[in-house]
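**Q** Residue numbers (our numbering): 1 to 275.
C-beta: ideal position from N, C-alpha, C; glycine also.
Small disclaimer: the values here were computed from a predicted structure and weren't measured.
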Amino acid sequence: MSDRYAVIGNPIGFSKSPFIHGTFAKMTGQDLVYEAIEGPIDGFSGRVDQFRTEGAKGLNITAPFKLDAFAYANELSESARRAGAANCLKFEGDRIIAENFDGIGLVRDITANLGVKMAGRRVLMLGAGGAARGALLPFLRQQPSELVLVNRTLSKAVALAEEFAGCGPLIVSGYAELADLAEGYDVVVNATSASLRGEMPPLPGNVFQGAELAYELAYGKGLTPFLQAARAEGVAKLADGVGMLVEQAAEAFVWWRGVRPSTAQVIAALTVPLS
Ligand code: ATR
1 MSDRYAVIGN PIGFSKSPFI HGTFAKMTGQ DLVYEAIEGP IDGFSGRVDQ
51 FRTEGAKGLN ITAPFKLDAF AYANELSESA RRAGAANCLK FEGDRIIAEN
101 FDGIGLVRDI TANLGVKMAG RRVLMLGAGG AARGALLPFL RQQPSELVLV
151 NRTLSKAVAL AEEFAGCGPL IVSGYAELAD LAEGYDVVVN ATSASLRGEM
201 PPLPGNVFQG AELAYELAYG KGLTPFLQAA RAEGVAKLAD GVGMLVEQAA
251 EAFVWWRGVR PSTAQVIAAL TVPLS
């Protein structure tokens, strides 16, 4: 019988994960089935218990269950522990092992796919929620010269910086103060949820000047206000999170199956042009 995997979320109808993992399985000749599960909002653990009883080998987790999955696991990788959330589980007998590949997926997309170096560069990240938290350690591991974290609610950014103290050159700022700090950033990443509502974080006018890359974590939203502002200030490379989505899936696939799929073809199939 084929090994079983799934993605769980609510809602789940628009998830690209079954397509991505199905394509990876075909490309690498792996015998598996991958389904989409709409988890009950208050019944994550019961639904996952059931899936495990049916012999499942692993699970991807999307909103709103990343914290539930973290709590459900009995072993945590360092990236899951640091992110405080899990986007992937592996089941081995009684072991429920949690991983979080979102941050590494983002870094691989920026450095390998988009060809933008982060080492020695100045990086600006907007947001201090779950998405930003997951990216902090993988970003700092790239050894940027400075990583500036900016958030509307300053206290959240300060709390994150305290948690990651000693991991690298992390600086916190409010949006208004950013104008004084800005000496030019090489990479600007929008890890807020503003674009999901068509909103623009309150960035001062000059932050994109000289930047090589503006990266929007949300995907499939076309030219969001953030990307439009970056384009208007002359940023040459604009990207949304489709590459991150596929790269985190590839990391999960390697972890589960021990085989690395190539990602370019799947990214191309899912890319919605930014115009
Ligand atoms: P996620 O898991 O997607 O990161 P989250 O944990 O709810 O979601 O965090 C959302 C992030 O987007 C927060 O950093 C939030 O800023 P606040 O902490 O000040 O609320 C940020 N955010 C959402 N809408 C925003 C907007 N219009 N402008 C700036 N930041 C925004």
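I'd like the list of long-range same chain contacts for D49, defined as Cβ closer than 8 Å, with 5 residues on each side in sequence excluded.
**A** Closer than 8 Å at the Cβ level, and outside the excluded window around D49, lies no residue.
**Q** Look up N206 in the DSSP assignment and say whether it is helix, strand or coil.
**A** Three-state DSSP puts N206 in coil, outside helix and strand.
**Q** Given a threshold of 16 other Cβ atoms within 10 Å of its Cβ, counted over all protein chains shown, does Q143 qualify as buried or as exposed?
**A** With fewer than 16 other Cβ atoms within 10 Å, it is exposed.
**Q** Round the Cβ separation of A276 and F91 to the nearest angstrom and send it over; I've been treating them as touching at under 8 Å.
**A** Outside the displayed span of the chain (1 to 275) sits residue 276, for which this structure offers no information.
**Q** Among E146, I12, F139 and A218, which residue has its Cα nearest to the Cα of S79?
**A** For S79, the nearest C-alpha among the options comes from F139.
**Q** Whole angstroms are fine: how far does the CA of Q30 sit from the CA of P169?
**A** If you take the alpha carbons of P169 and Q30, they lie about 42 Å apart.
**Q** Could you spell out the range, first to last residue, of the beta strand (DSSP E) harbouring M125?
**A** Element bounds for M125: R122 to L126.
**Q** Looking at A191 and A132, is the spacing between their C-beta atoms short of 8 Å?
**A** For A132 and A191, yes; Cβs fall inside 8 Å.
**Q** How about K156: is its Cβ closer than 7 Å to a heavy atom in the ligand ATR?
**A** Within the cutoff, so yes.
**Q** My understanding is that G184 touches R122, with C-beta atoms under 8 Å, so please give their C-beta distance in whole angstroms.
**A** Yes, G184 and R122 are in contact; Cβ-Cβ is about 7 Å, under 8 Å.
**Q** Just mark K117 as buried or exposed, buried being the case when its beta carbon has 16 or more other beta carbons within 10 Å.
**A** With fewer than 16 other Cβ atoms within 10 Å, it is exposed.
**Q** Go through its chain and collect everything with a Cβ distance to K293's Cβ below 8 Å, but skip five positions before and after it.
**A** Absent from the model: residue 293. The displayed extent of the chain is 1 to 275, so no value can be given.
**Q** Which of helix, strand or coil does DSSP assign to V254?
**A** In the structure shown, V254 sits in a helix (DSSP, three-state: H, G or I).
**Q** Per the DSSP calculation, Y5 is bridged to which residue(s)?
**A** DSSP output for Y5 lists Y34 and G58 as bridge partner(s).
**Q** Would the beta-carbon of G130 be found less than 7 Å away from any heavy atom of the ligand SAH?
**A** Although the ligand SAH was asked about, the structure shown includes only the ligand ATR as ligands.
**Q** With C-beta atoms as the reference, is L114 less than 8 Å away from A135?
**A** Going by C-beta atoms, L114 is not nearer than 8 Å to A135.
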